[in-house]
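Just so you know, the UniProt record's numbering puts 74 at position 74 of the sequence shown, and the rest follows in order with no gaps.
See structure below.
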Amino acid sequence: MIRCIRIWTGPAGDSLFEEGQISLLQGERGDVLSEVLQAASISFRETAAGGQFAPHHAPALQLVLTLSGTLEFTTASGASFTIHPGDVLLADDLSGSGHSWRLVDDQPWRRAYIIVGPEVATLFTPRSKP
């Protein structure tokens with residue numbers, strides 16, 4: 001299972017989020033794998049330890065793969081979630097109040113941004129509600 005947090009713009013314009021996972025199907029050699037999706041671009045970025053970013057929304061529908069660093073994301077409502085190395089953020093809050101983030105450990109945030117199309121939604125499976 002690959003942990004994934006989906007963040008999107010709700011009807012009132014605030015960013016909302018839910019935890020889930022990337023859907024993986026049975027593969028070969030005992031591996032599991034996702035379906036293949038087309039990507040428009042991929043880029044890499046690094047922010048030094050202690051970094052933070054004021055409220056903003058995602059510039060495009062994208063997957064953000066965290067390679068190092070632990071971050072706390074916060075929405076305008078004050079709700080927050082933590083991203084760890086190996087987690088995926090499905091950023092779909094393209095308008096509205098957006099989200100902010102800050103690094104909470106002593107590591108730089110190294111990540112890959114993958115610009116994708118709307119079919120990316122098929123990869124995300126929300127966590128079951130108890």
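Using N, Cα and C, we set each Cβ at its ideal position, and we do this for glycine too.
Q52 counts as exposed, since fewer than 16 other C-beta atoms from the protein chains shown sit within 10 angstroms of its C-beta. Going by C-alpha positions, G10 is about 6 Å away from L16. Sequence-distant Cβ neighbours of S23 in its own chain, meaning closer than 8 Å and more than five residues away, are S34, E35, T122, L123, F124, T125. Take the alpha-carbon of H56 and the one of S100: they are about 6 Å apart. In the DSSP secondary-structure assignment, V64 is bridged to L89, Y113. Residue state for P55 is assigned as strand, using DSSP reduced to three classes. Taken atom to atom, the span from the alpha-carbon of E18 to that of L71 is near 16 Å. Apart from the 5 residues on each side of it in sequence, V88 sits with its Cβ closer than 8 Å to the Cβ of I2, R3, C4, I5, I22, L63, V64, L65, T66 in its chain, given in chain order. Contact between G20 and S97 is absent: CB atoms are separated by about 22 Å, not below the 8 Å threshold.
For T125, the three-state secondary structure derived from DSSP is strand. Nearest neighbour of P108 by Cα position, chosen from I7, E28, T47, G78, turns out to be T47.
If you draw a 10 Å sphere on the C-beta of L37, you find fewer than 16 other C-beta atoms in it, and that means exposed.
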